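Read top to bottom, the protein sequences are chains U, G and D.
For the record, in the first sequence the residue sitting at position 24 is 24 according to our numbering, with numbers rising by one throughout.
For our numbering, count along the second sequence from 1 and bump the result up by 1000.
For our numbering, count along the third sequence from 1 and bump the result up by 2000.
A virtual CB, placed ideally from N, CA and C, is assigned to each residue, including glycine.
Model, not experiment: these values are computed from the prediction.
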Amino acid sequence: MKDVGYVIAAYIGAALLYGGYALWLRIRERALERGDRAGAR
Amino acid sequence: MSWASSAVTIAGKDLRLELRTRDVIASVGLFVLLVVVTASFAFPTSGPGREGVAAGVLWMAFLFAALLGMGRSMAIEKEDGCLEGLMLSPAARESVFLGKLLANLGFTWAVEVVILPVFVVLLQLAPGSGLALLALCALLGTLGLVTVGTLFAAMAVHTRGREAILPLLVMPVSVPVMIAAVKTSEAALTGTWSSAATSWLLLMVGYDALFLLVALATFPHVMEE
Amino acid sequence: MSIETEATGHIDETRDDAAVAPPSGRRKLFGILTLVLLPILLVMAFLYAPEDLVQGPAQRIFYIHVPSAWIGFLAFFVVFVSSIALLATGDRKYDDVAAASAEVGVIFTTAVLITGPLWGRPVWGVFWTWDPRLTSYLMLWLIYLSYIVLRGYVPEPARRARFSAVLGIVGFFDVPIVYLSVRWWRSEHPLQLVFQRAGLPGQMLVTLLVGVATFTFMYLYLLSLRTRTGRLRERSDEEVTQ
Chain U
1 MKDVGYVIAA YIGAALLYGG YALWLRIRER ALERGDRAGA R
Chain G
1001 MSWASSAVTI AGKDLRLELR TRDVIASVGL FVLLVVVTAS FAFPTSGPGR EGVAAGVLWM
1061 AFLFAALLGM GRSMAIEKED GCLEGLMLSP AARESVFLGK LLANLGFTWA VEVVILPVFV
1121 VLLQLAPGSG LALLALCALL GTLGLVTVGT LFAAMAVHTR GREAILPLLV MPVSVPVMIA
1181 AVKTSEAALT GTWSSAATSW LLLMVGYDAL FLLVALATFP HVMEE
Chain D
2001 MSIETEATGH IDETRDDAAV APPSGRRKLF GILTLVLLPI LLVMAFLYAP EDLVQGPAQR
2061 IFYIHVPSAW IGFLAFFVVF VSSIALLATG DRKYDDVAAA SAEVGVIFTT AVLITGPLWG
2121 RPVWGVFWTW DPRLTSYLML WLIYLSYIVL RGYVPEPARR ARFSAVLGIV GFFDVPIVYL
2181 SVRWWRSEHP LQLVFQRAGL PGQMLVTLLV GVATFTFMYL YLLSLRTRTG RLRERSDEEV
2241 TQ
């Protein structure tokens, strides 16, 4: 894999990790606010 | 009763009980022996540089001995209701910790003293004058493992999985002492006492002192209730 | 029901306050700042900062790897300070923050452990080396994980808070000692990959600083969010057990 491939992989991987985590937390927050414990688990 | 004599009394109680039942030492000792034998099949324990491999095997065995022993002894205490008894007694929390620490040290060193000659013979090593260094290293290294381990064992027995979580808690924190102990043992097994070995010993002393203080400070919080 | 302890603050099993507060305005601010800075960082990292003469394009990973590493450590420091505060005062809000910072810290540390090898492979030819920095980072990650696993194993809230705090304190003292001992260990082996950073060119430094700022706000946002969801979760757990 060319060097640029590694850079792109790193940036996209980080974006998925951080973005995915933030999204997951927001979804959980909404579920818990609704009182939907099953959705939060 | 001063805190020191409380600690010794508690340790004495544990050790006397162990001498009578030989519960922990027997199972731990046999397990460690099996680890050493299995490792001699699994790892290249002949040829040049084998002291390094041997040192690693030795300390894995000692680590398992410490973890098993501390886990089991604390679990037995909890099962028999002794932990609550200790908490209700007028003994200071710190004395209870020291007592448990001394008892665990006693068990583990007893296992190590038996395993060490067996290990040297099985792996065909010739430490010669390095034996003193090896003994000192075992003393200081085990102290480090048992200090952290006693604190975490007191926590572990109050969790859902009982003492099963103890290795998970101890192993990351024990990395420095494991590195130091293995490097020192490697030097000892080749029969040399280099200045590097002294540095590693000093690291172990520092580690032991630091975590003894941290454990003494935090143990009362573990034993609340 | 509260549990009395000796000289330290006692920790209530259940909370007295009625409900979890709505998301703070500060959190929104952190979020907006992060979203504003991210595209700026990307532009700077790829267009403004010069390409490294020795390492080539792969060096650009540096601008997300290093900020992640600093924040990963900051998050653990927050766990450490909150843990001490919890044991000293008994106020469960410190446990909320500690637990949140630990989970967020795992995310940042994971990012370090992923971007690190992706940087190492093209530039130095290997995905991993046992050098002091990477090894300490691996240990930090493992201690974080053991913290989170421990919390999963203790159902009682007050006890969980105390045990986590003890682990947070012990773990924090351990990381620098791991770094020292690995450095000592590896210095005996001359074959070592050394990354020389003899002063960064100005453009690279500015980009790095923007990266640090971005990731700091991102951490603060995620910490805020995770603290709130943690409180919401504990609140609903308590309602079930009552």
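Distance from Phe2030/D to Ile2071/D at the Cβ level is roughly 13 Å; contact not present, criterion being Cβ atoms closer than 8 Å.
The beta-bridge partner set that DSSP reports for Asp2052/D consists of Gly2056/D.
The residues Glu1112, in chain order, have a CB closer than 6 Å to that of Ala1138/G in the same chain once the five nearest residues on each side in sequence are set aside. Around the CB of Lys2028/D, fewer than 16 other CB atoms lie within 10 Å, so the residue is classed as exposed. Counting only the Cα atoms, Glu1186/G lies some 38 Å from Gln2055/D.
With a threshold of 8 Å between beta carbons, Leu23/U makes no contact with chain D. Assignment of His1221/G by DSSP, reduced to helix, strand and coil, places it in the helix class. The beta carbon of Arg2231/D sits closer than 8 Å to the beta carbons of Val2020 and Asp2096 from its chain, once the five residues preceding and following it are set aside; these are given in chain order. For the C-beta of Leu32/U, the chain D residues within less than 7 Å are, from N- to C-terminus, Thr2229, Leu2232, Arg2233 and Ser2236. For the alpha helix (DSSP H) assignment, the uninterrupted runs of no fewer than 4 residues enclosed by the stretch 1028–1114 of chain G are, from N- to C-terminal side, 1050–1079 and 1082–1088. Against chain U, a Cβ distance below 7 Å from Pro2155/D picks out nothing, because the smallest value is about 14 Å. Bounds of the alpha helix (DSSP H) holding Gln2203/D are Gly2202 to Thr2241.
When Arg2160/D, Ala2075/D, Ala2213/D and Gly2120/D are compared, the shortest CA-CA separation from Phe2172/D is found for Ala2075/D. Under the three-state reduction of DSSP output, Val1146/G falls in the helix class. Taking a cut-off of 8 Å on C-beta distances, the stretch 1213–1221 of chain G does not touch the stretch 1168–1188 of chain G, as fewer than three cross pairs fall below it. Look at Pro2122/D: its C-beta is under 8 Å from a C-beta on chain U.
Secondary structure at Thr1190/G: coil, using DSSP grouped into helix, strand and coil. The three-state secondary structure of Phe2127/D, taken from DSSP, is coil.
If you draw a straight line from the Cα of Phe1064/G to the Cα of Gly1099/G, it comes to about 21 Å. Listed along chain D are Ile2107, Thr2110, Ala2111 and Ile2114, each with a C-beta nearer than 8 Å to that of Leu17/U. Contact between Phe1031/G and Ser1073/G is absent: CB atoms are separated by about 14 Å, not below the 8 Å threshold. Ser1002/G carries a coil assignment under DSSP once its states are collapsed to helix, strand and coil. Where His2065/D is concerned, the enclosing alpha helix (DSSP H) starts and stops at Phe2062 to Thr2089.
DSSP, reduced to helix, strand and coil, places Ala1215/G within a helical segment of the structure shown.
Between Leu2086/D and Ala2161/D, the C-beta gap is smaller than 8 Å, which places the two residues in contact. Three or more beta-carbon pairs separated by less than 8 Å link the stretch 18–30 of chain U to the stretch 2215–2224 of chain D, which places the two stretches in contact. DSSP places Ser2187/D within a helical segment (H, G or I) once states are collapsed to three.
Contact between the stretch 2035–2045 of chain D and the stretch 1002–1009 of chain G is absent: fewer than three C-beta pairs spanning the two stretches fall below 8 Å. Interface annotation for the stretch 2022–2040 of chain D against chain U: empty, criterion Cβ-Cβ distance under 7 Å. Nearest to Ala1055/G by C-alpha distance, out of Val1214/G, Leu1145/G and Leu1123/G, is Leu1123/G. The C-beta of Trp2128/D comes no closer than 8 Å to any C-beta of chain G. Under the Cβ criterion of 8 Å, Pro1090/G is not counted among the residues facing chain D.
Boundaries of the alpha helix (DSSP H) around Lys2028/D: Gly2025 to Val2043.
Excluding sequence positions up to five before and after Ala1061/G, its CB lies within less than 8 Å of the CB of Val1032, Val1035, Val1036, Ala1039, Ile1115 and Phe1119, all in the same chain and listed in chain order. Proximity of Ile1115/G to chain D, defined by a Cβ-Cβ separation below 8 Å, is not satisfied. Contact of Ala1054/G with chain D by beta-carbon distance below 8 Å is absent, the smallest such distance being about 17 Å.
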